[in-house]
Amino acid sequence: MVWFDLDFASKPYKTLQYHDKAVRRVAFHQGKYPLLAAASDDGTVSILHAKVYDDLMQSPMIVPVKRLRDHIVNQGLGVLDVVWHPTQPWLFTAGADGRVYLWA
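Numbering (the numbering used here), first residue to last: 12 to 115.
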């Protein structure tokens with residue numbers, strides 16, 4: 012994953028290497044939680060605390076929180092989609108293994 016600040020530079024602010032294979036989907040929590048989820052073909056989902064501050068002099072904070080590992084890779088495909096619940100810190104994941112999980 013690559014984090015850009017397009018207002019100030021065309022080069023990445025930060026490059027994050029949390030997966031061994033392609034990242035299929037990235038989702039930010041749209042509610043009050045500063046959470047980011049990244050689904051990958053390695054069968055895992057990375058959860059990160061990702062906060063951007065209103066003060067432009069303060070750097071964004073990106074902290075790995077958890078790695079979810081229950082999906083099984085099927086024909087080279089792992090976790091295909093992630094969606095946050097709109098108000099709770101719950102994550103739904105869908106994998107190529109035909110399973111959907113709710114993480115709470």
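Cβ coordinates follow ideal geometry from the N, Cα and C atoms, glycine included.
Which term fits residue i, buried or exposed, when burial requires 16 or more other beta carbons within 10 angstroms of its beta carbon?
i	result
S57	buried
R110	exposed
G11	No answer is possible for residue 11: the residues shown for the chain start at 12 and end at 115.
DSSP on residue i, reduced to helix/strand/coil?
i	result
L59	strand
R36	strand
T26	strand
T98	coil
G109	coil
A83	Reading off the sequence, residue 83 comes out as Ile, not Ala. DSSP places I83 in coil when its eight states are reduced to three.
D45	Residue identity check: residue 45 is Pro in the sequence provided, not Asp. Coil at P45, not helix or strand.
S51	strand
Short check: CB of residue i to CB of residue j, under 8 Å?
i	j	result
P71	K62	yes
Q41	P97	yes
Candidates the options: which alpha carbon is nearest residue i's?
i	options	result
L59	L46, A115, Q99	L46
H30	K43, R78, Y64, D65	R78
L102	R36, Q69, M68	R36
G87	V34, Y64, Q28	V34
Q28	W114, L113, I73, A115	I73
Does the beta carbon of residue i sit closer than 8 Å to a beta carbon anywhere in chain C?
i	result
W114	Absent from the structure: chain C. Only one protein chain is present.
If you pair each beta-carbon of the segment 81 to 92 with each one of the segment 48 to 68, do three or more pairs fall below 8 Å?
yes
Is it the case that the segment 71 to 86 contacts the segment 99 to 106, given that we only count it when at least three CB pairs across the two stretches are under 8 Å?
yes
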